[in-house]
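K.L.:
In our numbering, the protein residues as written are 16 to 394.
The beta carbon of each residue, even a glycine, is placed where N, CA and C say it ideally should be.
Submitted below is the structure of interest, expressed as C-alpha cells.
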Ligand code: NAD
Ligand code: GLY
C-alpha cells in the first residue's frame, strides 16, 4: 500500500497553526509523515478494538521504522470510553511507559478516541502534543479538527474538556473501507451540514452524488471507484471548519453555526438515553427538524427546506423509536447547554449556505416540528 495522494490544509488559530493532511493509502507511512513535523519520541497510540484490529499494527510498525517508541493502548470503544476513569487509566499507561514532556499522544480512531486521547494529551503533564488520525468520516470532517477535546460527566456529554488544538491531523480516506455503512452515513450527515451552513456549491454537489442511483449505497458509490470525489468533499469540509475555527476558536459566536442540527439532535439522543441514534444520525434528524422549523417561521423558502430534507433522506437514518414521545424530547431540549437565559437558541438555515441564530422560537412551532418528526412525516 503506497502513499497515493496527500493534500494539506492549514488551520490557523490563536493557540496554534497546524496542518491537516488528507490522502488515500497514507496510514502505512504515518511514521514518516509525523516525523516531518515532530521529533521521534515515546508515543502513546490510543485506539479502539475495531480500529486497532485493522490499522493498529500498521501504525506501530511505521512509527517504529522512524525511530518512535510507540506504546499501543487498545480500548473497548464506544461513548462510555469518554470518561474520566478511562482518561485516568491512560494517564497511568503514559506514566508507566515513561512518557515525559517530549512525548506525543496519537489518537487512531473515530470521534470517541479523538476526543478522549485529545483530552488526555491536553492534561497529561500540563499538555503534550496530540496527533489525530481520524478513521471515521465524522472524525475526518469534524471532530479531529478544531481542538474540542472532552470526556463525559454523568450529568451530560462533553462537559469536562478543553480547547486544545492538535499538532497534526492525518486523515486517510482508505480507512473508510472498513467503516460500517451505518457509521459512514452518519458521517455524511456532518458533511452535508457544511453545505447547508456555508457552501451552496458543496450542497449541490452532494445532491448530484447522493441522487446518482436507486437502491443507493453512498459508501459503495464513494469508495468503490478510484474517484477522488469524496476526498475533495472532505477537504472542502476541513477548509470550511478551519475558516470558522480560525475566526472563533472558543465558540463565542460564529463557531456556533457548527452546532446546526445539534439542538434538536442532542434532544433526540438524550431522550433515547444515547442508545438509539448514532451521533451523526441524530444530527441528520436535527437538521431536518431545524429546516422545517425555519420554513414554519417563514425564514426559509419551502423549496430549500424540501431539498435539505430530501438530501438527508438519502442517509437511511432509522425511524424514530416507537417509545419516544413529545414530552421526552421537549424535556431534553431544555437541558441543552446552548440555552441562553430562558429561551432556546437554534441555528436555522435562511438559504442554502446561510444560517441565523434564532432565539426562542414559539414553543407551539417547536412542538409541531417534533410531532411531525415523531409521526414519521419528516425524514
Ligand atoms: P466512534 O469513534 O465511536 O466510531 C464509530 C464506530 O466505528 C466505533 O465502533 C469504531 O470502533 C468504529 N470504527 C471507527 N473507524 C473505523 C474504521 N475505519 N473501520 C472500522 N471500524 C471503525 O464514533 P464517531 O462517530 O467517529 O464519533 C462520535 C464522537 O465524536 C462522539 O463522542 C461525539 O461527541 C464526538 N464529536 C466530537 C466533535 C468535536 O468537535 N470534538 C465533533 C463531533 C462529534
Ligand atoms: N463539532 C463542533 C465544533 O467543533 O465546534
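1) Return the first residue and the last residue of the beta strand (DSSP E) that residue 184 is part of.
2) So for residue 27, helix, strand or coil by DSSP?
3) When you compare each of 326, 382, 325, 133 to residue 341 by their alpha carbons, which one comes out closest?
4) Counting only the same chain and skipping the five closest in sequence on each side, list residues whose C-beta sits under 8 Å from that of residue 6.
5) Measure the Cβ-Cβ separation of residue 61 and residue 105 and say whether it is below 8 Å.
6) Closest to residue 76 by CA distance: which of 220, 47, 238 is it?
7) Looking at C-beta atoms only, is the number of pairs between the segment 193–207 and the segment 289–306 that lie closer than 8 Å three or more?
8) For the alpha helix (DSSP H) that contains residue 244, what are its first and last residues?
9) Hey, could you find the ends of the alpha helix (DSSP H) residue 137 is sitting in?
10) DSSP three-state label for residue 321, please.
11) Suppose you measure from the CA of residue 375 to the CA of residue 309; what does that come to, to the nearest Å?
12) Within a Cβ cutoff of 6 Å, which residues of the same chain sit near residue 89, ignoring the five residues on either side of it in sequence?
13) Is the beta carbon of residue 72 within less than 7 Å of some heavy atom of the ligand GLY?
14) In this structure, how does DSSP classify residue 43 when only helix, strand and coil are distinguished?
15) Would you mind giving the Cβ-Cβ distance between residue 179 and residue 227, rounded to the nearest angstrom? I have them listed as a contact below 8 Å.
16) In chain order, which continuous runs of the beta strand (DSSP E) of length 3 or greater are located wholly inside the segment 361–392?
17) State buried or exposed for residue 80, treating a residue as buried only when at least 16 other CB atoms are found within 10 Å of its CB.
18) Alpha carbon to alpha carbon, what distance is there between residue 172 and residue 388?
19) Apart from the five residues just before and just after residue 361, which ones in its own chain have a Cβ nearer than 7 Å to its Cβ?
20) Work out the CA separation of residue 125 and residue 224 for me, nearest whole Å.
21) Between which two residues does the alpha helix (DSSP H) containing residue 58 stretch?
22) Check the C-beta distance from residue 324 over to residue 363 and give it rounded, since I have them as a contact under 8 Å.
23) So, with DSSP's three-state summary, where would you put residue 215?
24) Report the CB separation of residue 155 from residue 249 in whole angstroms; it is logged as a contact under 8 Å.
25) Residue 149 by DSSP, collapsed to three states: which one?
26) State the DSSP-derived secondary structure class of residue 278, mapped to helix, strand or coil.
27) When DSSP labels each residue in this structure, what does residue 166 get in the three-state scheme?
28) State yes or no: is the C-beta of residue 161 nearer than 7 Å to some heavy atom of the ligand GLY?
29) So what does DSSP say about residue 205, is it helix, strand or coil?
30) With burial defined as no fewer than 16 other Cβ atoms inside 10 Å of the residue's Cβ, what is the status of residue 188: buried or exposed?
P.N.:
Quick look at the numbers:
1) 183–187 is the span of the beta strand (DSSP E), which, as asked, contains residue 184.
2) Taken through DSSP and simplified to helix, strand or coil, residue 27 comes out as strand.
3) For residue 341, the nearest C-alpha among the options comes from 382.
4) Shown here, the chain extends from 16 to 394; a query on residue 6 therefore has no answer.
5) Residue 105 is positioned such that its CB atom lies closer than 8 Å to that of residue 61.
6) The option with the nearest alpha carbon to residue 76 is 47.
7) Segments in contact, yes.
8) 244–262 is the span of the alpha helix (DSSP H), which, as asked, contains residue 244.
9) Residue 137 -> alpha helix (DSSP H) spans 126–138.
10) Assignment of residue 321 by DSSP, reduced to helix, strand and coil, places it in the helix class.
11) About 12 Å.
12) For residue 89, where only same-chain residues beyond five positions count, the Cβ hits under 6 Å are 62, 64, 67.
13) In this structure, the ligand GLY has no non-hydrogen atom nearer than 7 Å to the beta-carbon of residue 72.
14) Under the three-state reduction of DSSP output, residue 43 falls in the helix class.
15) 39 Å between Cβ atoms; not a contact.
16) Along the segment 361–392, the beta strand (DSSP E) occurs as fully enclosed runs of 3 or more residues at 369–374, listed in sequence order.
17) Looking at its Cβ environment, which holds fewer than 16 other Cβ atoms inside 10 Å, residue 80 is exposed.
18) When rounded, the separation of the alpha-carbon atoms in residue 388 and residue 172 is 24 Å.
19) Cβ neighbours of residue 361 beyond the five flanking positions: 278, 305, 308, 373, 376.
20) Here the C-alpha atom of residue 224 lies approximately 24 Å from the C-alpha atom of residue 125.
21) Premise fails: residue 58 lies in the beta strand (DSSP E), 57–63, not in any alpha helix (DSSP H).
22) In fact, because the Cβ distance is near 14 Å, the residues do not count as touching under 8 Å.
23) For residue 215, the three-state secondary structure derived from DSSP is helix.
24) Rounded, the Cβ-Cβ distance is 5 Å, consistent with contact.
25) Correct three-state label for residue 149: strand.
26) Residue state, collapsed to three classes: helix.
27) Residue state, collapsed to three classes: strand.
28) Yes, Cβ of residue 161 sits closer than 7 Å to a heavy atom of the ligand GLY.
29) Correct three-state label for residue 205: helix.
30) With at least 16 other beta carbons inside 10 angstroms of its own, residue 188 counts as buried.
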